[in-house]
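All you need for our numbering is the position in the sequence shown, starting with 1, plus 631.
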Amino acid sequence: MASQAIELKITGMHCAACVSTVERALYQAEGVKKAVVNLMLEKAHIEGEVEIDQLIQAVQKTGYEAELIEEIVLPQDSQSDEGLIQAKNQMVFAWVPSVIMMLWMIPKWLSGIMWPNPTLYIYGMIVFSLVVLLLPGRNILRSAWKSTVHLSPNMDVLIALGSLACLVTGVLKAFGMDIHSFAGIAGMIISFHLTGRYIEVKARGRSSDAMKLLLNLGAKNARIIVGAEQREIPISQIKSGDIMHVLAGEKIPTDGIIVDGESTIDESITSGESTPVLKTVKDHVIGATINLDGVLKVKATKVGRDTFIAQMAKMVEEAQTTKVPIQAFA
Numbered sequence: 632m633a634s635q636a637i638e639l640k641i642t643g644m645h646c647a648a649c650v651s652t653v654e655r656a657l658y659q660a661e662g663v664k665k666a667v668v669n670l671m672l673e674k675a676h677i678e679g680e681v682e683i684d685q686l687i688q689a690v691q692k693t694g695y696e697a698e699l700i701e702e703i704v705l706p707q708d709s710q711s712d713e714g715l716i717q718a719k720n721q722m723v724f725a726w727v728p729s730v731i732m733m734l735w736m737i738p739k740w741l742s743g744i745m746w747p748n749p750t751l752y753i754y755g756m757i758v759f760s761l762v763v764l765l766l767p768g769r770n771i772l773r774s775a776w777k778s779t780v781h782l783s784p785n786m787d788v789l790i791a792l793g794s795l796a797c798l799v800t801g802v803l804k805a806f807g808m809d810i811h812s813f814a815g816i817a818g819m820i821i822s823f824h825l826t827g828r829y830i831e832v833k834a835r836g837r838s839s840d841a842m843k844l845l846l847n848l849g850a851k852n853a854r855i856i857v858g859a860e861q862r863e864i865p866i867s868q869i870k871s872g873d874i875m876h877v878l879a880g881e882k883i884p885t886d887g888i889i890v891d892g893e894s895t896i897d898e899s900i901t902s903g904e905s906t907p908v909l910k911t912v913k914d915h916v917i918g919a920t921i922n923l924d925g926v927l928k929v930k931a932t933k934v935g936r937d938t939f940i941a942q943m944a945k946m947v948e949e950a951q952t953t954k955v956p957i958q959a960f961a
């Protein structure tokens, strides 16, 4: 089997421990020479003589989900917005009862009085903390349980243990044991953790902005010549060898070679050259560059992930994924 580079989409990671767990599982798979997992991009880059199904199974055994990335896909704003909204809702939902508990604790902090009485105070803290743990915090508890079952504990295990330990002190106090109750702290731990999750999701969305900008430079549709007629199709449907009809002022849909026509091309977005370049028959053109003043017929030579723009986006992504030696050592 020939050595190859594979990229997997990994879902369910939340911390550095998750990354280490997935990387360790990938390295244990037969034939893997290099495995790098990026938390912000939720991707794994694997090199070696490997079977894709074997890699996916190795990740799934650790409690995370994985799928093969076959093409460079433009991140969907709707998906990232949905994740951000969900994280924000969970954070707000957790902080509402947490703020109530904080205000309720003020008399105790100032004068040591459990208002209106110790019993109601303790039961109130238990109930409000349970609301936080079982509703907005349920995914944290689920993640902690799943990672523990797979013998790969992550950060959620620490959060869950700390919160549950605080809650248990309140329950024991309610049953008459002479200990200090930290029940109210249980909900606050989850609230702070969900705030961190919200910031993480927001930062994760920003990490792909550079790739989005690059991929958005290209044209969205192409006009191809089929027999004696022209047909407009999405960029994703262009095949190598298709003849594209490009009018003045339009972007070149994909990398190709001119088979008919002559025009000046604005290549500033790819080379930085501000002066338009004259192109004629047999000259190569790059996708996303602008045809300024002529009508061209261009034969597609590179499509999809092989285009110049896609390769630029790939290099940006690899720069975010690749670890310097000190990171690998850590």
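Backbone N, C-alpha and C define an ideal beta-carbon position, used for all residues, glycine too.
Comparing alpha-carbon positions, the option among A817, Y829, K640 lying closest to N720 turns out to be Y829. The C-alpha of L909 is placed about 24 Å away from the C-alpha of N852. In this structure, M722 places its C-beta atom within 7 Å of the C-beta atom of T826.
By the Cβ neighbour-count rule, H645 is buried, with 16 or more other Cβ atoms within 10 Å of its own. Just measuring C-alpha positions, the residue of I889, W735, E860, I921 sitting nearest D914 is I889. Around the CB of G807, fewer than 16 other CB atoms lie within 10 Å, so the residue is classed as exposed. Secondary structure note for L782: it is in no alpha helix (DSSP H), with a DSSP letter that is neither H nor E. Beta-bridge analysis with DSSP links A666 to I677. When the five nearest sequence neighbours on each side are left out, the beta carbons in the same chain lying within less than 6 Å of the beta carbon of E904 are those of E898, in order along the chain.
In this model, V799 and F813 are separated by some 8 Å (Cα to Cα). Looking at the DSSP output, E638 shares a beta bridge with H676. Its Cα nearest to that of A636, the residue A675 stands out among A675, M943, L761.
In the structure shown, A931 adopts extended strand secondary structure according to DSSP, grouped into three states.
E893 sits away from G918, with the two beta carbons spaced by 7 Å or more. Collapsing the DSSP output to three states places P865 in a strand. Leaving aside the five residues that flank A791 on each side, the residues in its chain whose CB is nearer than 7 Å to its CB run, in chain order, I771, L772, A775. In the three-state scheme derived from DSSP, where H, G and I count as helix and E and B as strand, K804 is classed as helix. Residues of the same chain with a CB within less than 7 Å of the CB of Q691, apart from the 5 flanking positions on each side, are A697 in chain order. A direct Cα-Cα distance of roughly 41 Å separates A817 from K665. Taking the C-beta atoms as reference points, I821 is found nearer than 7 Å to A725. Residue pairing by DSSP places H915 opposite I888 in a beta bridge. Exclusion of the five residues before and after M943 leaves L845 as the residues of its chain whose Cβ lies within less than 7 Å of its Cβ. Counting the other Cβ atoms within 10 Å of the Cβ of K870 gives fewer than 16, which makes it exposed. In the structure shown, K692 falls within a coil segment according to DSSP collapsed to helix, strand and coil.
Put simply, of V653, I677, I683, G872 the residue whose alpha carbon is nearest the alpha carbon of G694 is V653. The closest CA to that of D712, considering only D873, L848, L741, G836, is found on G836.
Look at T895 here: in three-state DSSP terms it is strand.
In the structure shown, V926 adopts coil according to DSSP, grouped into three states. Residue range 908-910 is occupied by the beta strand (DSSP E) that includes L909.
At least 7 Å separates the beta-carbon of V934 from that of M875.
In this structure, the beta-carbon distance from T895 to P907 falls below 7 Å.
Boundaries of the beta strand (DSSP E) around I856: 852-857. Cβ-Cβ separation between N785 and S778: approximately 5 Å, consistent with a contact (criterion under 8 Å). According to the DSSP assignment, M756 belongs to the alpha helix (DSSP H) that extends over 749-765. For I874, the enclosing beta strand (DSSP E) starts and ends at 874-877.
A distance below 8 Å between beta-carbons, with the five flanking residues on each side excluded, links I866 to the following residues of its chain, in chain order: G849, A850, K851, N852, A853, P884, T885.
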